[in-house]
Amino acid sequence: MFGLIGHSTSFEEARVKARSLGYGEFADGDLDMWCSAPPQLVERVQVTSRTGKVIEGAYIDSVFVPEMLRRFKTAKRKVLKAMELAQKSGIDITALGGFTSIIFEDMNLLREERVSAVELDWQRFTTGNTHTAWVICQQVETNAPRLGIDLARAKVAVVGASGDIGSAVCRWLQRRGVGELLLVARRPQPLIDLQESLGEGRILDLADALPEADVVVWVASLPQSLQIDTGSLRKPCLMIDGGYPKNLDSKAAAPGVHVLKGGIVEFWQDIGWQMMEVAEMAKPQRQMFACFAEAMLLDFEGIHTNFSWGRNNITLDAMDLIGAASLRHGFRSLELDPALAPSPSLAPA
Ligand code: NDP
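Right, here's the structure in full:
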């Protein structure tokens, strides 16, 4: 059995959802009330692989909302209590979605093995980052040529290169072969370490990297205040918006700049669930975050272990394995709308 731990994208949206599910007192409650509310197992589903294999899963709402991010103790408790509920519900492998994996890693919750009387078994959880990294790489591979971008000669900037997903994307792109890797993050030392381990890549500030890049992979949570000078970007430019929240389409909107939601996959058939309605997916019955899909894939494959865990541990072998499983069980990486992308013959060289 697989599990997904998620949350609403805002307090307001969470209240609307609570009302629609019949939780009137929550819908009317203030943020303090929500801070003390326990996690809820809101939905159970059955999912059928393209191979015919059927698995069962459950969605747990952590009752966390981004407005709680600054309330550190609350955020931490929300994630741990949701994990406790997943474990108590007998779920074999659960993905930490949205902010929950970021809170887990940033607040070093590995130290918090015990929640109430329950000892958390880390083997039952995955961040889902291996599949997310693989999907983002597929999105680069598939969509860049559609814009007339030759990856073998292209400059690819990875914003968040020293992070868990970013470093995996860099290793994959290096093996694939691109013109040049531009490595972007705020702290220099992790970038220098990455550059040394890759044996290539140029470290740049974001402002210097953007005008050079044919492709930009965003795998960092970016401040709302970030502004992009779209006039200085190369055209065409492919931007894969892999961070959370996904807020690049408005910031980088310009002719010739193509923004694709990164780390999103589409299943081969409708799932018949409600949970993605709130995640602003274009096709909520089929589309989902790749990290959620990783829990399904691990369950389909019978791999009940913390496949993606800790920081900067993602190997190319693990990406290849989860990528092959993704295709086998009927997932497809989200692509640019063919109607919006120019045909390669029309795109500038
Ligand atoms: P990590 O914390 O491991 O890495 C974050 C990286 O971003 C680091 O390199 C960090 O380096 C860099 N960074 C952070 N802030 C900035 C900034 N303002 N400007 C430039 N670089 C920055 O995170 P993960 O790799 O686990 O996740 C990366 C992103 O992907 C997150 O936003 C996460 O929510 C998202 N994600 C999306 C998924 C999906 O859509 N399917 C699934 C899982 C995660 P430094 O601190 O030195 O700047």
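In the working numbering, the protein residues as written are 39 to 387.
Using N, Cα and C, we set each Cβ at its ideal position, and we do this for glycine too.
Predicted model, so just to flag it, every value in this text is computed and none were measured.
In angstroms with no decimal places, state the Cα-to-Cα distance between R225 and V92. Whole-angstrom Cα-Cα distance: 45 Å.
Check this for me: beta carbons of E197 and V207, under 8 Å apart or not? First, the amino acid is wrong: residue 197 is Val here, not Glu. In this structure, V207 does not lie closer than 8 Å to V197 by Cβ.
Within the present structure, is the beta-carbon of L167 separated from the nearest heavy atom of ligand 1 by less than 7 Å? The sequence as given places Asn at residue 167; Leu does not occur at that position. Indeed, a heavy atom of ligand 1 lies less than 7 Å from the Cβ.
Simplified DSSP state of A247, which is helix, strand or coil: helix
Three-state secondary structure (DSSP) at V178? helix
Using the C-alpha atoms, what's the distance from G280 back to Q262? 15 Å
Inspect the beta-carbon positions of M71 and D130 and report whether they are closer than 8 Å. Not a contact, by the Cβ cut-off of 8 Å.
How about L42 and A333: do their beta carbons lie closer than 8 Å? yes
Which partner residues of F64 appear in the DSSP bridge assignment? Answer by DSSP bridge pairing: none, since F64 is not bridged.
Residue closest to L220, alpha-carbon to alpha-carbon, out of I187, L242, V297: L242
Opposing strand residues paired with G44 [DSSP bridges]: D99
Does the distance between the C-beta of I203 and the nearest non-hydrogen atom of ligand 1 fall short of 7 Å? yes
Is the stretch 116 to 131 touching the stretch 312 to 330, taking contact as three or more C-beta pairs under 8 Å? no
Would you call the stretch 167 to 181 and the stretch 360 to 374 touching, i.e. three or more CB-CB distances under 8 Å? yes
I need the DSSP call for E373, collapsed to helix, strand or coil. coil
Does the beta-carbon of V297, which I'm using as the reference point, lie nearer than 7 Å to any heavy atom of ligand 1? no
Would you grab the beta carbon distance between A199 and L229 for me? Rounded to a whole angstrom, and I think it's under 8 Å. With a beta-carbon spacing of about 6 Å, A199 and L229 fall inside the 8 Å limit used to define contacts.
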